[in-house]
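Remarks on the structure that follows.
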Amino acid sequence: MAKRIVTAIDVGTTKVATIVASVKAKDNIEILGVGVAPSTGLHKGIVVNMDQAKQSIATSVREAQRISGMHIDSVYVGVTGRHITSVNNRGVVAIPRDDRLVRPQDLKRVLSAARGVPVPEGKQVLHAIPRSYALDGQEMVKQPVGMHGSRLDVETHIITASITSIQNLVKCIRSIGIDVEDLVLEPLASAEAVLTPEERETGVIMADIGGGTTDIAVFKSGSIYHTGVIPVAGYQVTSDLSIGLGLPFEIAEKMKKKYSSVAPELEIEETAQVGIENGHSASQRRLCQIISSRMEELLQLIITEMPTSDYRSLAPCGLVLTGGTSNLPGLTELAEALLRMPVRIGRPLSTGIYGISDILSDPAYATTLGLVLWQVEGKKGSEISLKRHGIRGAIANLFRRLFGA
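The sequence shown begins at -17 in our numbering and counts up by one.
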């Protein structure tokens, strides 16, 4: 593989992160530059102030360009938000030829049939991901091309998104002179960075706890089984602290980062006080109790999001927590005690990736690194952007037609 440059942007509620990477091979990826800027103008994955969002994105991109020495002209972008919905749908076609040989065009036909779900007004299919095929009733066929049969089925995971929400995000990025090469649902990207092949095959729940949303991806038998977005995450923890302790939001955020733990009864004395340099102080035990209560609620919401009540059988490998809020001390122990299943923190699996070491072990960068890996693996992107190589042709025209950008 000839060396190529790939770029990804994670536009979150609390930060915008841009990564520039040099790819020599799938197991030889160098992180050349990272740009991180405070996120303004976004809330729970949605653009709420175009000018502020543009400024945050531009600041992040400039920093990544400065550090890497590379000019960024196109990017992969992560998509999240409460507007995301998903469903598993089945498509069926007949193999009409005498030889009953399954050909590539049959895969296109059956996938087209599976995509034929009613899409609500204002929504568009973001991803249509084949989970598994069946041939004449034989389930769990991974690659049917070249096999023989008279009936081909496909189970497909279909993800839809709000056209308006995507329009505004794309327009923000295009307005600073950067093309959107592709769009990827953020939990799919995060999973690329933190899950092992064994976990995907056996069954695992991944929860990316960011600033504004918690993104869910469930894998089973090597394929995506369920995705979802919960509008509760680190921002709500800080808000609880601000209200519960009577502190300004910015001070509550500092206290959360500096003193937090979700196991106060084990680690903190009753009278322990914590303070910030401007004179604000609070009971550390009370602070941690507030955080623990919110995280218990979030863990219950993650389980409620599951497509079946028997979540332990669905995910024998347990729960993988990633994202910036997963850095809370004691969270693994709290989750294991509450859910009675294996839990680990999903740090990026950095095998074959090197460069700026700070981000390679930080769950806060799982999505951005996952977007890089998505490109490197050559995985099919969104249904909206179609083909990567046509960004200045067909894709650009499609974006203009859909988004007026």
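Idealized CB from N, CA, C, for every residue including glycine.
Since this is a predicted model, take the numbers as computed values, not measurements.
- Contact between K36 and S157 holds: their C-beta atoms lie close to 6 Å from each other, under 8 Å.
- Going by DSSP, Q47 is part of the alpha helix (DSSP H) stretching over M32 to S50.
- Segment contact: the region 105 to 114 against the region 12 to 32, fewer than three CB-CB distances shorter than 8 Å; contact not assigned.
- For N31, the CB contacts under 6 Å within the same chain, skipping 5 residues up- and downstream, are G23 in chain order.
- Look at K202 here: in three-state DSSP terms it is strand.
- In the three-state DSSP reduction, E103 falls in the coil class, being neither helix nor strand.
- Boundaries of the beta strand (DSSP E) around E137: R133 to S144.
- Around the beta carbon of D55, a 10 Å sphere encloses fewer than 16 other beta carbons of the protein chains shown; the residue is thus reported as exposed.
- DSSP, read as helix, strand or coil, puts L321 in helix.
- Its Cα nearest to that of A245, the residue S275 stands out among S275, S263, G226 and T220.
- The beta-carbon distance between L134 and D88, rounded to whole angstroms, is 6 Å. This is short enough to meet the 8 Å contact definition.
- Boundaries of the beta strand (DSSP E) harbouring E12: N10 to P20, taken from the DSSP string.
- Straight across, the Cα-Cα distance linking P345 with E174 is about 12 Å.
- A residue is called buried when at least 16 other Cβ atoms come within 10 angstroms of its Cβ; E235 meets this threshold and is buried.
- Excluding its 5 nearest sequence neighbours in each direction, A171 has C-beta neighbours in its own chain below 7 Å: G60, T349, G352, L353 and W356, listed in chain order.
- In terms of CA proximity to G15, Y336 leads the group M122, Y336 and V358.
- Proximity to A(-16) across D9, I341, V5 and R326 peaks at V5, based on C-alpha coordinates.
- The criterion of a C-beta distance shorter than 8 Å is not satisfied by I206 and T195.
- With a cut-off of 8 Å on Cβ pairs, the region 36 to 54 is not in contact with the region 181 to 195, counting fewer than three such pairs.
- Counting along the chain, G352 sits inside the alpha helix (DSSP H) bounded by residues A348 to V358.
- For T286, the enclosing alpha helix (DSSP H) has its first and last residue at Q266 to T286.
- Here DSSP, grouped into helix, strand and coil, assigns I341 to helix.
- For S114, the CB contacts under 8 Å within the same chain, skipping 5 residues up- and downstream, are E121, M122, V123, K124, V136, E137, S203 and S205 in chain order.
- In the DSSP assignment, the residues bridged to A(-10) are I1 and Y58.
- Runs of the alpha helix (DSSP H) lying entirely within the region 186 to 242 and spanning at least 4 residues, in chain order: 216 to 227 and 231 to 241.
- In the same chain as S50, and ignoring 5 residues on each side of it, the C-beta atoms closer than 8 Å to its own belong to V2, L14 and G15, in chain order.
- As DSSP reads the structure, R326 sits in a beta bridge with V302.
- Between L281 and A317, the C-beta spacing is below 8 Å.
- Leaving aside the five residues that flank V200 on each side, the residues in its chain whose CB is nearer than 6 Å to its CB run, in chain order, I187, Y207 and H208.
- For L167, the uninterrupted beta strand (DSSP E) segment begins and ends at D161 to L167.
- Distance between V(-2) and V84, taken at the CA atoms: about 45 Å.
- Shown here for M288: same chain residues with a beta carbon closer than 8 Å to its own, the five before and five after excluded, namely I187, V200, H208 and L296 in chain order.
- Comparing alpha-carbon positions, the option among A7, L223, V75 and L310 lying closest to G119 turns out to be V75.
- Per DSSP, Q87 is one residue of the alpha helix (DSSP H) stretching across P86 to A96.
- Taking the Cα positions, T304 is about 14 Å away from G312.
- Boundaries of the beta strand (DSSP E) around S68: T67 to A76.
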